[in-house]
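> Got a structure for you, written out below as structure tokens; questions coming shortly.
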Amino acid sequence: MQGKITRTHQSRIERALADQAGVVLLGPRQVGKTTLAQDIAEARDAVYLDMERRADRQILDEPDLYLDEQMGRLVVIDEVQLIPGLFGALRGQIDRRRRKGHRAG
């Protein structure tokens, strides 16, 4: 049963990524959000960052510089709630990309 649930959620997220500029996975602890995010990242041209890892947090010390370098790629940020100051940079990135015609992903 686990595989069917994962595939159902994965296809929903893939559809959302095709339509939306940003997608958030929410849910209780230990239900597979990280595994699902990693599976999606592995299937695409994506970069996966885990905010529980100090090295990944340091990559985003200058979020606009890093995210500008990743233009056109899916950026998965796991445990983003650990860095609340990042949300403003993400909103700005999404707005700038939309103005440049990148409406989804």
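Residue numbers (our numbering): 13 to 117.
Even glycine gets a Cβ: it sits at the ideal position worked out from N, Cα and C.
8 Å is my cut-off, CB to CB: does residue 62 come that close to chain D?
Although the question refers to chain D, the structure presented lacks it and comprises just one protein chain.
> How many whole angstroms separate the CB atoms of residue 88 and residue 53, which I take to be in contact at a CB cut-off of 8 Å?
Against the sequence shown, residue 88 aligns to sequence position 76. Against the sequence shown, residue 53 aligns to sequence position 41. Their Cβ separation, rounded to whole angstroms, is 5 Å, which keeps residue 88 and residue 53 in contact under 8 Å.
> Within the chosen definition, does the segment 16 to 32 reach the segment 67 to 84 through at least 3 CB pairs nearer than 8 Å?
No: fewer than three Cβ pairs fall under 8 Å.
> Hey, which unbroken runs of the beta strand (DSSP E) at 3 residues or more fall wholly within the segment 63 to 116?
With a minimum length of 3 residues, the continuous beta strand (DSSP E) runs that stay inside the segment 63 to 116 are 86 to 90.
> So the candidates are 34, 21, 26; which of them puts its Cα closest to the Cα of residue 109?
Residue 109 sits at position 97 when you count from the first residue of the sequence shown. Checked all of 34, 21, 26; the closest Cα to residue 109 is 34.
> Exposed or buried, which one is residue 49 when buried takes at least 16 other CB atoms within 10 Å?
Residue 49 sits at position 37 when you count from the first residue of the sequence shown. The residue is buried, with at least 16 neighbouring Cβ atoms inside 10 Å.
> Using a Cβ-Cβ cut-off of 8 Å (strictly less than) and excluding sequence neighbours within five positions of residue 86, which residues of its own chain qualify?
Position 74 of the sequence shown, counted from the first residue, corresponds to residue 86. Correct list, in chain order: 29, 52, 53, 56, 57, 58, 59, 117.
> Taking buried to mean at least 16 other C-beta atoms within 10 Å of its own C-beta, is residue 42 buried or exposed?
In the sequence shown, counting from the first residue as 1, residue 42 sits at position 30. Result: exposed.
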